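S.K.: Note that the sequence shown covers residues 567 to 653 in my numbering. Glycine included, every Cβ here is placed at the ideal spot set by N, Cα and C. These numbers were taken from a predicted model, which means no experiment stands behind them.
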Amino acid sequence: DLRWRVRELVAVVGRFASEGTVAALREIRALAREDRYERLRNAARARAELTADERGRLSSGTLDRELDEARAERDRLADALDEHPPL
């Protein structure tokens with residue numbers, strides 16, 4: 567995780583690097599704590615790991631609908647199992 571990596575770098579680099587370098591690392595550390603960093607990180611990860619088709623299904627809402635349908639089916643099956651215990 568970037569937050570931990572930068573924290574380690576500040577501790578090590580602070581012993582020999584210029585104050586400007588350490589200040590830049592502290593700024594990166596502060597940015598990594600912001601909510602928008604997490605959103606950007608997730609977006610970059612999705613872009614790298616998902617195919618173009620998967621990204622299209624995600625942006626169109628198809629995956630949300632499929633997830634809702636799968637959850638409804640899971641709940642239906644759980645209810646059926648509760649109503650009909652094993653023999």
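1. Could you give the distance in angstroms between the alpha-carbon of Leu591 and the alpha-carbon of Leu575?
2. Mind checking Val578: buried by the 16 CB within 10 Å criterion, or exposed?
3. Taking the alpha carbon of Asp567 as the reference point, which residue from Thr587, Glu585, Ala583, Tyr603 has its own alpha carbon closest?
4. Which value, in whole angstroms, describes the spacing of the CA atoms of Asn608 and Thr587?
5. Going straight from the alpha carbon of Leu647 to that of Glu593, what length do you get?
M.R.: So, from the listed chains and residues:
1. Position 25 of the sequence shown, counted from the first residue, corresponds to residue 591. Position 9 of the sequence shown, counted from the first residue, corresponds to residue 575. Approximately 8 Å between the Cα atoms of the pair.
2. In the sequence shown, the residue the question calls residue 578 occupies position 12. With fewer than 16 other Cβ atoms within 10 Å, it is exposed.
3. One-based indexing of the sequence shown puts residue 567 at position 1. Cα-wise, what sits closest to Asp567 is Tyr603.
4. Position 42 of the sequence shown, counted from the first residue, corresponds to residue 608. Position 21 of the sequence shown, counted from the first residue, corresponds to residue 587. Computed Cα separation, rounded: 27 Å.
5. On the sequence shown, position 81 is the one that residue 647 refers to. On the sequence shown, position 27 is the one that residue 593 refers to. In a straight line, the C-alpha of Leu647 is about 54 Å away from that of Glu593.
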